[in-house]
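Chains as they are written, first to last, in the numbering used here: chain U, 10 to 123; chain Z, 86 to 197. Note that CB positions come from ideal geometry on N, CA and C, so glycine has one too. These numbers come from a predicted model, not from an experiment.
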Amino acid sequence: NAGVTQTPKFRVLKTGQSMTLLCAQDMNHEYMYWYRQDPGMGLRLIHYSVGEGTTAKGEVPDGYNVSRLKKQNFLLGLESAAPSQTSVYFCASSYSQGNNQPQHFGDGTRLSIL
Amino acid sequence: GDSVTQMEGPVTLSEEAFLTINCTYTATGYPSLFWYVQYPGEGLQLLLKATKADDKGSNKGFEATYRKETTSFHLEKGSVQVSDSAVYFCALSGYTGNQFYFGTGTSLTVIP
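Next comes the structure, spelled out in structure tokens:
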């Protein structure tokens, strides 16, 4: 029962470095999401995907890129990391259209940008 | 646009006390409403949900009723335990189903 798996769990980067966060789900879900969680701000949607090969911008997409080449994977990229991107990143997935479908979350990636 | 407003914390209660965490929402159409719980160092877990007006979601002693007339979805538990200490998030899914909107979270600490 893996559910949603995020890799890595922790990472420290220097300003200007790039990295990719990987999210994998084994529930055959169509929809996948990337959020960031910051103190006092709840969860903010970065990008999401409604199916393989599709992506869309969320509330705070600047500085991030995503790709959904395979249905089970959703990658979040930081091309040139900035200290403002220090955060906890969560991936989530949900089954299909219909607003009664809950989202299933991974355990998060804690990212620090120095 | 759609949004969720959640009571601010932190909330500290003694074991066996009654819990209420307020949540109100703004949405077009007929959203679904959710409560999620986040334990330290973990991701969010679905606690309960309600998909239409007057529905009551319940799980692990927690309850919340979807009140369309007051646009509210307050979380309640009759007798909290130390193990309920966590951060609780109210959320809604709009009519398109594409996006969730989360409240800012309410931290609950239960002391023995």
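Roughly how many whole angstroms lie between the Cα atoms of residue i and residue j?
{"i": "GLY72 of chain U", "j": "PRO17 of chain U", "result": "19 Å"}
{"i": "GLN166 of chain Z", "j": "TRP43 of chain U", "result": "32 Å"}
{"i": "GLN15 of chain U", "j": "CYS32 of chain U", "result": "5 Å"}
{"i": "TYR74 of chain Z", "j": "TYR98 of chain U", "result": "Look at the range of chain Z in this structure, 86 to 197, and you will see that residue 74 of chain Z is not part of it."}
{"i": "GLY25 of chain U", "j": "SER89 of chain U", "result": "4 Å"}
{"i": "MET92 of chain Z", "j": "SER76 of chain U", "result": "36 Å"}
{"i": "VAL172 of chain Z", "j": "THR191 of chain Z", "result": "5 Å"}
{"i": "VAL69 of chain U", "j": "ARG45 of chain U", "result": "9 Å"}
{"i": "ILE196 of chain Z", "j": "LEU52 of chain U", "result": "27 Å"}
{"i": "THR155 of chain Z", "j": "GLU148 of chain Z", "result": "17 Å"}
{"i": "ALA102 of chain Z", "j": "THR150 of chain Z", "result": "20 Å"}
{"i": "GLY146 of chain Z", "j": "SER164 of chain Z", "result": "8 Å"}
{"i": "THR136 of chain Z", "j": "LEU123 of chain U", "result": "43 Å"}
{"i": "ASP47 of chain U", "j": "THR63 of chain U", "result": "27 Å"}
{"i": "LYS80 of chain U", "j": "THR194 of chain Z", "result": "39 Å"}
{"i": "GLY86 of chain U", "j": "THR113 of chain Z", "result": "33 Å"}
{"i": "LEU104 of chain Z", "j": "SER27 of chain U", "result": "44 Å"}
{"i": "VAL13 of chain U", "j": "PRO95 of chain Z", "result": "29 Å"}
Could you give the first and the last residue of the continuous beta strand (DSSP E) run that contains residue i?
{"i": "TYR73 of chain U", "result": "Where TYR73 of chain U is concerned, there is no enclosing beta strand (DSSP E), given that its DSSP letter is neither H nor E."}
{"i": "LEU123 of chain U", "result": "Taken as a continuous stretch (DSSP letters only), LEU123 of chain U belongs to no beta strand (DSSP E), as it is neither H nor E."}
{"i": "GLU148 of chain Z", "result": "147-150"}
{"i": "LYS134 of chain Z", "result": "129-135"}
{"i": "VAL59 of chain U", "result": "Per DSSP, VAL59 of chain U belongs to no beta strand (DSSP E) and is neither H nor E."}
{"i": "THR64 of chain U", "result": "Premise fails: THR64 of chain U is in no beta strand (DSSP E) and is neither H nor E."}
{"i": "TYR173 of chain Z", "result": "171-178"}
{"i": "GLN15 of chain U", "result": "13-16"}
{"i": "TYR110 of chain Z", "result": "108-111"}
{"i": "THR189 of chain Z", "result": "First-last for THR189 of chain Z: undefined, no H or E at that position."}
By the three-class DSSP mapping on this structure, what secondary structure does residue i have?
{"i": "SER117 of chain Z", "result": "strand"}
{"i": "SER99 of chain Z", "result": "strand"}
{"i": "ASP47 of chain U", "result": "strand"}
{"i": "VAL165 of chain Z", "result": "coil"}
{"i": "GLN184 of chain Z", "result": "coil"}
{"i": "SER105 of chain U", "result": "coil"}
{"i": "GLN26 of chain U", "result": "coil"}
{"i": "GLN94 of chain U", "result": "helix"}
{"i": "LYS141 of chain Z", "result": "strand"}
{"i": "PHE99 of chain U", "result": "strand"}
{"i": "GLY86 of chain U", "result": "strand"}
{"i": "SER157 of chain Z", "result": "strand"}
{"i": "GLN81 of chain U", "result": "coil"}
{"i": "LEU38 of chain U", "result": "According to the sequence displayed, residue 38 of chain U carries His and not Leu. In the structure shown, HIS38 of chain U sits in coil (DSSP, three-state: anything other than H, G, I, E or B)."}
{"i": "GLN91 of chain Z", "result": "strand"}
{"i": "GLN110 of chain U", "result": "coil"}
Can you give the beta carbon distance from residue i to residue j, rounded, assuming they're within the 8 Å contact cut?
{"i": "LEU118 of chain Z", "j": "LYS134 of chain Z", "result": "7 Å"}
{"i": "SER143 of chain Z", "j": "CYS108 of chain Z", "result": "With 8 Å as the limit, SER143 of chain Z and CYS108 of chain Z do not qualify as a contact, their Cβ atoms being about 15 Å apart."}
{"i": "GLN130 of chain Z", "j": "LEU54 of chain U", "result": "With 8 Å as the limit, GLN130 of chain Z and LEU54 of chain U do not qualify as a contact, their Cβ atoms being about 19 Å apart."}
{"i": "VAL59 of chain U", "j": "TYR40 of chain U", "result": "6 Å"}
{"i": "PRO116 of chain Z", "j": "GLY179 of chain Z", "result": "5 Å"}
Against residue i, what residues of chain C qualify as contacts under a CB-to-CB distance less than 9 Å, listed in chain order?
{"i": "PHE114 of chain U", "result": "Protein chains in the displayed structure are U and Z, and chain C is not among them."}
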